[in-house]
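Shown next, in structure tokens, is the structure this report addresses.
Residue numbers (this note's numbering): 616 to 1031.
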């Protein structure tokens, strides 16, 4: 603990935080746990997963603090503006606690990790000490011209973009962006959305990280990964319009693959539209909609897949994409937003988003190439696993945190 005290005291703010949870909740805990390896950490979160947070905090040497909002505000969860009001009320209470903790403990740095969005302000950035905000997303949007793949949801997406532009100009958000010392930004699409004056303190940091089961996965032998007569494509994730499976269906029509199958694993509001589109294009015999599958059964789908297709038009990351990479499954995705950051040319194929017609043609060409070149699939699979381990393991995240914190807390040591 003496070495941690010398390194500094960090206040970690993670609204979503659960050591036993998934998605943003699990990531919120992960950032705090990694910071605790070298720093004294005061963690502020909600009481939603209090028992799990307290237990894991004892093991990690973290001091947890739990902030709640009145019951009437909590009851308004997920109701548009009311939901934002609840989150803002929570942030205001956190800011008051942060000021008290700073007076009492002389904090070295404050870092707000979750929410993973710029739309909820970082009110504790005004403590007068170094601050880190992120990874934040929210500036992602559907590329111009691609709305036709959204079905009935295209008008909702247009409305979201307008709301984001308004939200970015609100005083609390502008003040948070200005006061934060460093901004972790999930992807370049959000980076391009932010005002130019903040770019110098931005760093691209994917919010995704490998889970223990991802790291423990043993890739099959190369010959097994390449074997099988049918070319097996897989999609895993929520069936929401912005994931744009109809784009893949059009690409399949162009690619004329012959013996193939596409399995769509997941459920959601866009599923009916996707099924109709597959039938309209005459692809129903080759496209299987498996529905929602328990996590424990997903590995069997990844093991059979030759490629993961992930045509997201708006996504800050993509947990299924990282799961596939960790399991040695190459990826075809759009070179856009989060997926475009996670995959490189050695670990998958990224399709440009210049026009819908060009994207469909490039996706079709990628599918055809991977079907006829099993050796390429094997090379991409190995590189995907290596990239997942090198870039998205918690060791890499901890190194990033420590480099950032050192430069902010001890600029005489960590500065360039």
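We put the beta carbon where it would ideally sit given N, CA and C, even for glycine. Note that the structure is predicted; figures quoted are calculated from it, not measured.
With a 10 Å radius around its C-beta and 16 neighbouring C-beta atoms as the bar for buried, classify residue i as buried or exposed.
i, result
"residue 904", "buried"
"residue 729", "buried"
"residue 687", "exposed"
"residue 862", "buried"
"residue 907", "exposed"
"residue 705", "buried"
"residue 630", "buried"
"residue 786", "exposed"
"residue 770", "exposed"
"residue 778", "exposed"
"residue 860", "buried"
"residue 651", "buried"
"residue 937", "buried"
"residue 720", "exposed"
"residue 690", "exposed"
"residue 925", "buried"
"residue 698", "exposed"
"residue 755", "buried"
"residue 811", "exposed"
"residue 637", "exposed"
"residue 622", "buried"
"residue 710", "buried"
How far does the alpha helix (DSSP H) with residue i in it reach, from first residue to last?
i, result
"residue 786", "786-794"
"residue 776", "769-783"
"residue 846", "Element bounds for residue 846: not the alpha helix (DSSP H) but the beta strand (DSSP E), 846-851."
"residue 804", "803-808"
"residue 673", "665-675"
"residue 860", "860-870"
"residue 642", "638-650"
"residue 689", "686-689"
"residue 829", "827-831"
Determine the DSSP secondary structure at residue i, reduced to helix, strand or coil.
i, result
"residue 751", "strand"
"residue 726", "strand"
"residue 969", "coil"
"residue 627", "strand"
"residue 888", "helix"
"residue 923", "strand"
"residue 941", "helix"
"residue 1019", "helix"
"residue 875", "strand"
"residue 960", "coil"
"residue 934", "helix"
"residue 709", "helix"
"residue 757", "coil"
Does the beta-carbon distance from residue i to residue j come in below 8 Å?
i, j, result
"residue 671", "residue 641", "no"
"residue 885", "residue 766", "yes"
"residue 1003", "residue 935", "no"
"residue 893", "residue 864", "yes"
"residue 927", "residue 1006", "no"
"residue 758", "residue 951", "yes"
"residue 744", "residue 731", "no"
"residue 800", "residue 806", "yes"
"residue 1023", "residue 724", "yes"
"residue 722", "residue 624", "yes"
"residue 932", "residue 822", "yes"
"residue 795", "residue 748", "yes"
"residue 653", "residue 988", "no"
"residue 657", "residue 675", "no"
"residue 984", "residue 995", "no"
"residue 850", "residue 820", "no"
"residue 768", "residue 856", "yes"
"residue 875", "residue 901", "yes"
"residue 953", "residue 802", "yes"
"residue 627", "residue 726", "yes"
For the beta strand (DSSP E) that contains residue i, what are its first and last residues?
i, result
"residue 1007", "Where residue 1007 is concerned, there is no enclosing beta strand (DSSP E), although the alpha helix (DSSP H) it sits in stretches over 989-1007."
"residue 909", "Unbroken run through residue 909: none, as it is neither H nor E."
"residue 680", "678-681"
"residue 798", "797-800"
"residue 744", "It is not in any beta strand (DSSP E) - residue 744 carries neither H nor E in the DSSP assignment."
"residue 656", "655-660"
"residue 818", "817-819"
"residue 855", "Note, residue 855: premise wrong, no beta strand (DSSP E); not H, not E."
"residue 738", "Taken as a continuous stretch (DSSP letters only), residue 738 belongs to no beta strand (DSSP E), as it is neither H nor E."
"residue 948", "946-949"
Any Cβ of chain C within less than 8 Å of the Cβ of residue i?
i, result
"residue 879", "In the structure shown, chain C does not exist; there is a single protein chain."
Practice task
Answer yes if the region 965-974 comes into contact with the region 941-952, meaning at least three C-beta pairs across the two stretches below 8 Å, and no otherwise.
Solution key: At 8 Å Cβ cutoff, the stretches touch.
Exercise for the section: Report yes or no: do the region 756-772 and the region 647-666 share at least 3 C-beta pairs separated by less than 8 Å? Expected result: Contact between the region 756-772 and the region 647-666 is absent, because fewer than three Cβ pairs lie under 8 Å.
Problem - At least three beta-carbon pairs within less than 8 Å, the region 861-877 to the region 968-988 - result: A contact exists between the region 861-877 and the region 968-988.
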